[in-house]
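As structure tokens, the structure follows; a few thoughts come after it.
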DNA sequence: TGAACACCCTGTAGCAACTACGGGGTCAAG
DNA sequence: CTTGACCCCGTAGTTGCTACAGGGTGTTCA
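Residue numbers (the working numbering), protein chains in the order written: chain A, 103 to 244; chain B, 103 to 244.
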């Protein structure tokens with residue numbers, strides 16, 4: 103199949119496929135006499151493997167490792183497990199950080215309930231306070 | 103004060119300060135005869151304003167808008183409010199996406215409880231299934 | 001026959017927000 | 001007078017794509 107068909111099956115962009123090839127994640131395919139890339143089932147599988155990893159938020163470097171692990175079937179899978187653990191920890195950390203952020207933003211948003219002018223807007227005021235090193239509603243403790 | 107002192111006070115890197123100057127967020131400072139940048143309280147305030155916005159996850163383009171709003175004090179602050187609303191929505195969306203991701207990762211992690219080889223590892227198996235278009239533990243519905 | 005159109009090629013640049021050089025100059029202390 | 005901390009500029013790298021520009025290929029419809 104040609105690159106457009108492959109991309110469609112994997113649900114990604116043609117440019118993305120070429121990018122993975124450049125990065126060495128996807129093997130270089132045969133070419134038609136015209137120079138068009140010509141893919142088979144194995145390419146499709148690898149591409150979908152990569153996209154699956156991406157959909158789980160993994161980095162290409164990590165996916166590269168996972169692809170390598172497949173080539174060492176008798177090896178202990180501790181590397182795979184560790185990779186997952188790192189990814190879970192990363193996501194948990196981000197969820198926690200985002201939760202804090204949300205609280206801060208909501209506290210800040212509450213500073214300007216009614217329409218005001220920029221001069222009197224509680225949000226801008228809070229920003230200016232923070233800029234002067236003072237406490238602000240979004241970063242107050244407790 | 104010189105750039106190192108300014109950066110230290112704002113809790114950021116010297117390179118970051120120069121970057122903001124290049125981007126037009128921070129006004130170009132005076133120079134000492136040596137060519138060293140020479141900052142005052144206003145620069146420090148603006149820099150801290152920017153860093154405060156960044157700490158709330160805002161983009162530089164949005165912070166640029168906030169800085170502009172300060173120059174139109176009599177204007178209706180709807181623009182400021184809208185900016186915050188957008189940011190809150192963005193964070194909520196990310197929290198939700200991350201929550202889904204975490205569940206998927208934990209389901210996947212559970213596929214390999216004991217140490218195994220890469221060949222038998224449930225995580226790699228699930229990846230391979232997904233790569234073949236089949237259902238996988240991390241993306242099953244329900 | 002030919003013109004339109006979808007598809008493919010390469011190579012390069014852009015995005016966001018920094019970060020990290022390389023190759024220099026300045027300045028105070030020991 | 002040399003060591004070391006600081007500063008300068010300009011450019012390239014990071015991540016994972018995305019978007020051209022400027023061309024070739026291949027099928028279909030009039």
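Here a beta-carbon is modelled for each residue, glycine too, at the ideal position from N, C-alpha and C. In this text, all values refer to a predicted model and were calculated from it rather than measured experimentally.
Quick check: is the beta carbon of residue 167 of chain A nearer than 8 Å to any beta carbon in chain B?
no
Which residues of chain B have a Cβ atom closer than 8 Å to the Cβ of residue 174 of chain A, listed in chain order?
220
Counting only beta-carbon atoms, is residue 156 of chain B nearer than 8 Å to chain A?
no
Assigned secondary structure, residue 177 of chain A (DSSP; H/G/I helix, E/B strand, else coil)
coil
Starting from residue 228 of chain A and walking both ways along the alpha helix (DSSP H), at which residues does that stretch end?
224-233
Meets three-Cβ-pair contact criterion under 8 Å: the region 132-145 of chain B and the region 174-194 of chain B:
no
Tell me, please, which residues DSSP counts as bridged to residue 132 of chain A.
A:140
Per DSSP, residue 219 of chain A forms a beta bridge with which residues?
B:178
Would you list, in chain order, the members of the region 214-242 of chain B that have their beta-carbon closer than 8 Å to a beta-carbon of chain A?
214, 217, 218, 219, 220, 221, 222, 223, 225, 226, 229, 230, 232, 233, 234, 235, 238, 240 and 241
Using a beta-carbon distance below 8 Å, is residue 103 of chain B in contact with chain A?
no
Do you know offhand how far residue 180 of chain B's Cα is from residue 126 of chain A's?
49 Å
Reducing DSSP to helix, strand and coil, say where residue 172 of chain A ends up.
coil
Where do the ends of the alpha helix (DSSP H) carrying residue 237 of chain A lie?
Run containing residue 237 of chain A: none; DSSP gives neither H nor E here.
For residue 104 of chain B and residue 190 of chain B, I'd like the C-alpha separation in whole angstroms.
36 Å
For residue 211 of chain B, go through chain A and note every residue whose CB falls closer than 8 Å to its CB, in chain order.
183, 186, 187 and 190
Does residue 155 of chain B come out as helix, strand or coil in the three-state DSSP assignment?
helix
How far does the alpha helix (DSSP H) with residue 106 of chain A in it extend, from its first residue to its last?
105-112
Could you compute how far the alpha carbon of residue 195 of chain B sits from the alpha carbon of residue 200 of chain A?
10 Å
Does residue 160 of chain B come out as helix, strand or coil in the three-state DSSP assignment?
coil
Can you have a look at residue 173 of chain A and say buried or exposed, based on whether 16 or more other CB atoms are within 10 angstroms of its CB?
exposed
Proximal residues of chain A, C-beta to C-beta of residue 115 of chain B below 9 Å
Ordered by position in chain A, no residue passes the 9 Å Cβ test against residue 115 of chain B, which lies about 19 Å from the chain.
Determine the closest residue to residue 237 of chain B out of A:154, A:212 and A:208, with distance taken between C-alpha atoms.
A:154
Which residues in the same chain have their Cβ closer than 8 Å to the Cβ of residue 168 of chain B, if we skip the five residues on either side of it in sequence?
151, 155, 160, 182 and 185
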